[in-house]
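Step one of this worksheet: look at the structure below.
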Amino acid sequence: MLKISSSPHINSSVTTQSLMRDVLIALTPAMLVALMMFGINALRVILTSVAACVMFEYLITHYLLKAKNTTTDLSAVITGVLLGFNLPSSMPSWMIIVGAFVSIGIAKMAFGGLGKNIFNPALAGRVFLFISFPVQMTQWPKPDFLNFLNTDIVTSATTLGILKQIDVSSSASIKASQVSLTELPNYWQMLLGDTGGSLGEVSALALFIGLLYMLWRRVITWHIPFYYVATFFMLTAITWFNTDNVHFEPVTNLLSGGLLLGAFFMATDYVTSPMTRQGQIIFAVGCGILTYIIRFYSAYPEGVSFAILIMNAFVPLIDKFTPQRVYGRKRK
Amino acid sequence: MCNKKTFPLGGLHLNKQKISALSPIQDAGIPPLVYIPVKQHIGTPAQIIVAPGDKVKIGTLLAKANGALSANIHASVAGEVKKIEEIQGEKGYFEQVITIQTSADEYEAEIDTSPDINSNIPQDVEEIRQKITAAGLVGMGGAGFPTPIKTTIPENKSVQYLIINGIECEPYLTADGALMLEKPEQIVIGAKLLNKVLGIQNAIIAIDENKPQAIAKITQVTKRYVGVNVAVCKSKYPQGGEKQLITAITGREVPAGKLPIDAGCVVQNVATTYAVYEAVMKNKPLYERIVTVSGDPSLTTAGNYLTRIGTPAEYLLDKAHTNKSQIGKLLFGGPMMGVSAVSLQAPITKKTGGLVVIDTASSLRQDETCCIRCGKCAEVCPMGLMPFAIASNLRRNNTAPLKALHVADCIECGACSYICPAKVPLVDYCKLGKYEVNKQK
Amino acid sequence: MTDTFWLNILIVGGIALCAAIMLYITAKKFSIQTDAKESQIDEVLPQANCGGCGFIGCKDFAKACAQSTAKSFSALYCPVGAAEVMQKVADILGYSTPKRKDTCAVLRCNGTCQAAPKKIEYDGLKNCRVANLTMIGEAECPDGCLRFGDCVKVCQFGALSINPQTGLPTVDANKCTSCGACANICPRHLLEIRPIDHNQQIFVACNNKQKGALARKNCQNACIACKKCASICAAIKVEQNLAYIPTTVSPQEFGTKLQENCPTGAIIYKSQVKREKTNV
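Residue numbers (our numbering), protein chains in the order written: chain W, 1 to 332; chain A, 1001 to 1441; chain C, 2001 to 2280.
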């Protein structure tokens, strides 16, 4: 029997699953760094998070929506990994499960599942945990290189935490700031991941490797990561030159905190970023400005998750006002 | 040659699969019966002037152009008109055909069958135009737009560019490439003839970079003919689209809803250009063309065949030793824009550049999953449309915003459906959108 | 303590008062002048906004009614609300109700999976309009039902469903409001709104305009234009190889006879069209 369909009659081999698999591969270097730095606890956090996310998605599609199982598209796995990456290694397991429920159940499935959610699920889960359990979410275990079974938690401050302190103290006492300054990690430590922080954000180098892989596989284009990071870098650099306050030192700010993780892996989430090139640039610049404002002019030391979530809310509006230029027509 | 031209909006890179790129043109021979459709072009069907029982020779006029937007139809074989009947075309709809029982080749007296190349371009423009009209020429790239209309410039318009489209951006198809390899001089003379008709000094033959042999051959010939140049284009899909090619070569854009002439351009396919040469210099009406038979190598031996118009597809498939039982899809045209045929008996027309066979397993579409808003469809769309928005509106049966989404500008190139990771049949939705917009009018 | 209490009352109350004043002003300033009759009519309409009356929605229809004269009112009709609603509208306006025949949609194709088996497999978007642009149809009938159910999807009243046995859409006459959405969307114009005469309907369930032999080759139930029906009832016309029974032919009188004499079964006679809500 001849098969009939409308053209085209061939398809590319890229599927939703293969794209998600590529993102997971891109996340692997950062995951390895997390394991090396935080040992068995990192493994526990990531596995709990992934398992809980996949489980919630399966339970909801199967029992609540009675729809086809969608866990095979691997998007829930990515949400799980990203949620885990955004948590400190000392996070209690039950809290991770609560976070996974918020990510998958509320931020994703309640909106209709993959492709229909407005907010990045992993970030929504992280922010929920951050507001609900501020103590646990701000205890950063000190990295302990290649000591896998070490479960004694020695907490340390994150780079951004130290910077925030300097900012507060700079006017009060210069001495205090000098003490803090010595605690700041050097660039090499930040590149390789020998600093306190969430699991996935510590090593800038691992995240760069992941970004290059995604660009090479054409999973994403360079626009969102570049414009996000560049906007933030420019703003901090300008303020740094003007105020000469070490608090604004741009390279440290760039390499620390969740900026690179957010810019490379979460702002580029297909579902919650604009569709057209122009829209993506507006979105990324907006993320950069908001991150700058929250980091330096609010009570929080870190602003990446809030910045991306706020810009997520603007995506439908951005999409509406940034259509592509149609061939043979003048732009209105 | 380092300065390769391309269009700026969208596009993608395809696996070209040009299996028969260097195969010589073979004669497909004469099938026992040919079925010549009276409508092989855009416009009104030609008016039949023969009756069953009439003896015809190759080149005998079978049906006369009916009005301006129509074309003459000639006999492609010698023999006897058996029937005037309705048979299934490639989409399965019944079309009127003239069925001829074939006998040994016998040509109409005025046709010059010698292989010599005639380069004495006639001085009288009207004579050339008349011969093009009489020969029943239509655009052989797939659209089937009658050539005489394209070569007649409306009064208030002017033409600056003549582009000869030698780009085959569809995978598998090699008919135009083979023609350029074997008949480069004829094509160049054809381009000169079109120059003369249009009253301009220069013609540009656009060839894509993955045909280095054709580029070399044509470039060599153009050295001997003033006023014909070669432009090398990037091998990007859909570079061969009329609008994309115009933008690549001239930097101009055809205004939405208008014709290339509104941008001062005329685009002719190389096969049409060759047919112009034959019609004017050899008095040969359009009764045969090069057809690529290609596809899955396990199913067929790819090749380029000089085929008489009206040959049933099945005859040509047999010539190429095709395993017919394993065919899942038979495509008239390439895999990106071709029509999947309902019947193996459908005849080859002036528009058919190739037959592509796809095996049963790979001809079924993959399951559609939900859109992940990746925006790849908008990224590759050479017209700058947003297929995802068109599809999501139509899925909700919301036809109001379609006009504002310019769905009518879609050229149905298939790039969006091809790239979609969720396998949403976006072109199907665009076709539906066009249908709905037309209905609203 | 009491001070704060009263202060709170004052502040909240003040805000409420300001908001109320603002709302009042905006409501006055931006109010749309509506005809009293128009809104009255709008209230009795079914609010399906189906477009069956020929207007964009119920509101537009109400406007047209309110502006109509006694004469032009007879041309306006809401197929969904039918006689009951039209009576109410007429009462509001003080006009007399137009008399309409009871109608419902019928499918003018009987190319079931059994009578017209699949010869090719369609693998594109399961949508009649796209399929019609792409190919002749799986049963290779150029005028027959494509069986992908665009009419089912467009019906707001749940009156259409695909019968899994035949593959064809069937009309539930009881739910059908004759809004015409199905007839409008079908790319082959196979759905027709036909009158119900004494709970009965008769029609030719075929739209194939090919010659008899060709039509029959692809579908056992095709009309072959044998003209037997025309010899029984003179009103029946056979044109382009296809018989058509005009709506004036009485099913009571000719129904059984026509159905029994049709050699292919293209004529469908429904002797018991169920209908709870009637127009007559």
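From the three backbone atoms N, C-alpha and C, an ideal C-beta is built for every residue, glycine too.
Inset, instruction - Could you tell me whether the region 1212-1223 of chain A touches the region 1328-1339 of chain A, using the rule of 3 or more Cβ pairs below 8 Å? - result: no
Inset, instruction - Kindly confirm or deny that the region 1052-1059 of chain A and the region 1315-1328 of chain A touch, where touching means at least three C-beta pairs closer than 8 Å. - result: no
Legend entry - Length of the line joining the Cα atoms of His9(W) and Met20(W): Here residue 9(W) refers to the residue found at position 9 when the first sequence is read from its first residue. Here residue 20(W) refers to the residue found at position 20 when the first sequence is read from its first residue. Distance between the alpha carbons of His9(W) and Met20(W) is about 25 Å.
Legend entry - Euclidean distance between Cα positions of Leu2125(C) and Glu1368(A): Position 125 of the third sequence, counting from 1, holds the residue named residue 2125(C). Position 368 of the second sequence, counting from 1, holds the residue named residue 1368(A). Rounded to whole angstroms, Leu2125(C) to Glu1368(A) spans 10 Å at the Cα level.
Inset, instruction - Could you confirm whether any beta carbon from chain W is found closer than 9 Å to the beta carbon of Lys2119(C)? - result: For the purposes of this step, residue 2119(C) is taken as residue 119 along the third sequence, with counting starting at 1. Lys2119(C) counts as touching chain W.
Legend entry - Inter-residue Cα distance where the pair is Val1437(A) and Thr1133(A): In the second sequence, counting from the first residue as 1, residue 1437(A) sits at position 437. In the second sequence, counting from the first residue as 1, residue 1133(A) sits at position 133. Taking the straight line from one Cα to the other gives about 34 Å.
Inset, instruction - Starting from the Cα of Asp1208(A), find the closest Cα among Tyr1225(A), Asp1116(A) and Tyr1237(A) and give me that residue. - result: Here residue 1208(A) is taken as the residue at index 208 of the second sequence, counted from 1. Residue Tyr1237(A) is the option with its Cα nearest to Asp1208(A).
Legend entry - Strand pairing of Cys1265(A), partner residues [DSSP]: For the purposes of this step, residue 1265(A) is identified with residue 265 of the second sequence, where counting begins at 1. Answer is Tyr1161(A), bridged to Cys1265(A).
Inset, instruction - Spell out a yes or no on whether the region 76-91 of chain W and the region 112-124 of chain W are touching, meaning 3 or more CB-CB pairs, one atom from each, closer than 8 Å. - result: yes
Legend entry - alpha helix (DSSP H) segment containing Lys1183(A), residue limits: In the second sequence, residue 1183(A) corresponds to position 183, counting from 1. Lys1183(A) -> no alpha helix (DSSP H), and no H or E assigned at all.
Inset, instruction - Would you mind sorting Met234(W) into buried or exposed? The rule is 16 or more other CB atoms within 10 Å of its CB. - result: Reading the first sequence from its first residue, position 234 is the one you call residue 234(W). Label assigned to Met234(W): exposed.
Legend entry - 6 Å CB neighbourhood of Pro1255(A) in its chain, flanking five on each side removed: The residue labelled residue 1255(A) in the question sits at position 255 within the second sequence. Excluding positions up to five away in sequence, the list reads Asp1262.
Inset, instruction - List the residues of chain C that Met1(W) touches, going by C-beta distances under 9 Å, in chain order. - result: To locate residue 1(W), count along the first sequence from 1; it is residue 1. The answer, in chain order, is Lys2118, Lys2119, Ile2120 and Glu2121.
Inset, instruction - State yes or no: is the C-beta of Pro29(W) within less than 9 Å of the C-beta of Gly197(W)? - result: The count along the first sequence starts at 1 and reaches residue 29(W) at position 29. The count along the first sequence starts at 1 and reaches residue 197(W) at position 197. Contact: no.
Inset, instruction - Could you give the DSSP three-state label for Thr1006(A): helix, strand or coil? - result: As a position in the second sequence, residue 1006(A) is number 6, starting the count at 1. Coil at Thr1006(A), not helix or strand.
Inset, instruction - Classify Asp1105(A) as helix, strand or coil using the three-state DSSP reduction. - result: Counted from its first residue, the second sequence places residue 1105(A) at position 105. Reduced to three states, the DSSP call for Asp1105(A) is coil.
Inset, instruction - Identify whether Glu2192(C) lies in helix, strand or coil by the three-state DSSP scheme. - result: Numbered from its first residue, the third sequence carries residue 2192(C) at position 192. Looking at Glu2192(C) - three-state DSSP - the assignment turns out to be strand.
Inset, instruction - Assign Arg947(A) to one of two classes, buried (16 or more other C-beta atoms within 10 Å of its C-beta) or exposed (fewer than that). - result: With chain A represented from 1001 up to 1441, any question about residue 947(A) goes unanswered, as that position is not in the structure.
Legend entry - Residues bridged to Val158(W) (per DSSP): Taking the first residue of the first sequence as position 1, residue 158(W) is located at position 158. Residue identity differs from the one stated: residue 158(W) is Thr in this sequence, not Val. Bridge partners of Thr158(W): Gly196(W).
Legend entry - Bounding residues of the alpha helix (DSSP H) (the contiguous stretch that carries Ile238(W)): In the first sequence, residue 238(W) corresponds to position 238, counting from 1. Taken as a continuous stretch (DSSP letters only), the alpha helix (DSSP H) holding Ile238(W) covers His223 to Thr243.
Inset, instruction - Have a look at Thr16(W) and Ala26(W) and give me their C-alpha separation to the nearest angstrom. - result: Your numbering for residue 16(W) matches position 16 in the first sequence. Your numbering for residue 26(W) matches position 26 in the first sequence. Each residue's Cα considered, the two are about 15 Å apart.
Legend entry - For Phe2148(C), the three-state DSSP class (helix, strand or coil): Numbered from its first residue, the third sequence carries residue 2148(C) at position 148. If DSSP states are grouped into helix, strand and coil, Phe2148(C) belongs with coil.
Inset, instruction - Could you spell out the range, first to last residue, of the beta strand (DSSP E) harbouring Gln1123(A)? - result: Position 123 of the second sequence holds residue 1123(A). Unbroken run through Gln1123(A): none, as it is neither H nor E.
Legend entry - Interface residues of the region 2127-2159 of chain C facing chain A [CB-CB below 8 Å]: Asn2127, Arg2129, Val2130, Leu2133, Thr2134, Met2135, Ile2136, Gly2137, Glu2140, Pro2142, Lys2153 and Val2154
Legend entry - chain A contact residues for Leu2125(C), given Cβ-Cβ distances below 8 Å: For the purposes of this step, residue 2125(C) is taken as the residue at position 125 of the third sequence. In chain order: Pro1425, Asp1428, Tyr1429 and Leu1432.
Legend entry - DSSP-derived helix/strand/coil call for Thr2103(C): Here residue 2103(C) is taken as the residue at index 103 of the third sequence, counted from 1. Looking at Thr2103(C) - three-state DSSP - the assignment turns out to be strand.
Inset, instruction - Would you tell me roughly how many angstroms separate the C-alpha atoms of Gly2081(C) and Ala2215(C), rounded to the nearest one? - result: Along the third sequence, one-based indexing puts residue 2081(C) at 81. Along the third sequence, one-based indexing puts residue 2215(C) at 215. The alpha-carbon atoms of Gly2081(C) and Ala2215(C) are separated by roughly 40 Å.
Inset, instruction - Look at the alpha carbon of Pro1347(A) and the alpha carbon of Leu1162(A), and state the distance between them as a whole number of angstroms. - result: Walking along the second sequence from the start, residue 1347(A) turns up at place 347. Walking along the second sequence from the start, residue 1162(A) turns up at place 162. About 31 Å.
Inset, instruction - Would you decide whether Val1291(A) is buried or exposed? Buried here means 16 or more other CB atoms lie within 10 Å of its CB. - result: Counted from its first residue, the second sequence places residue 1291(A) at position 291. By the 10 Å Cβ count, Val1291(A) comes out buried.
Legend entry - Near-chain B residues of the region 102-129 of chain W - C-beta to any C-beta below 8 Å: In the structure shown, chain B does not exist; the protein chains are W, A and C.
Inset, instruction - Tell me the start and end of each unbroken alpha helix (DSSP H) in the region 1292-1353 of chain A that is at least 4 residues and wholly inside, in chain order. - result: 1313-1319
Inset, instruction - Give the straight-line distance between the Cα atoms of Cys964(A) and Ser12(W), rounded to the nearest whole angstrom. - result: Since the first residue of chain A shown is 1001 and the last is 1441, residue 964(A) is not available in this structure.
Inset, instruction - Return the residues of the region 1353-1364 of chain A that lie within a Cβ-Cβ distance of less than 8 Å from chain C, sorted by chain order. - result: Ser1363 and Leu1364
Inset, instruction - Would you tell me roughly how many angstroms separate the C-alpha atoms of Gly1144(A) and Tyr213(W), rounded to the nearest one? - result: In the second sequence, residue 1144(A) corresponds to position 144, counting from 1. In the first sequence, residue 213(W) corresponds to position 213, counting from 1. Straight-line Cα distance between these residues: approximately 46 Å.
Inset, instruction - Put Leu146(W) into one of helix, strand or coil per three-state DSSP. - result: Taking the first residue of the first sequence as 1, we reach residue 146(W) at position 146. The answer is coil: DSSP assigns Leu146(W) none of H, G, I, E or B.
Legend entry - Sheet register partners of Phe2203(C) (DSSP bridge): What you label residue 2203(C) is simply residue 203 of the third sequence in a count that begins at 1. In the DSSP output, where bridge partners are listed per residue, Phe2203(C) has Ile2268(C).
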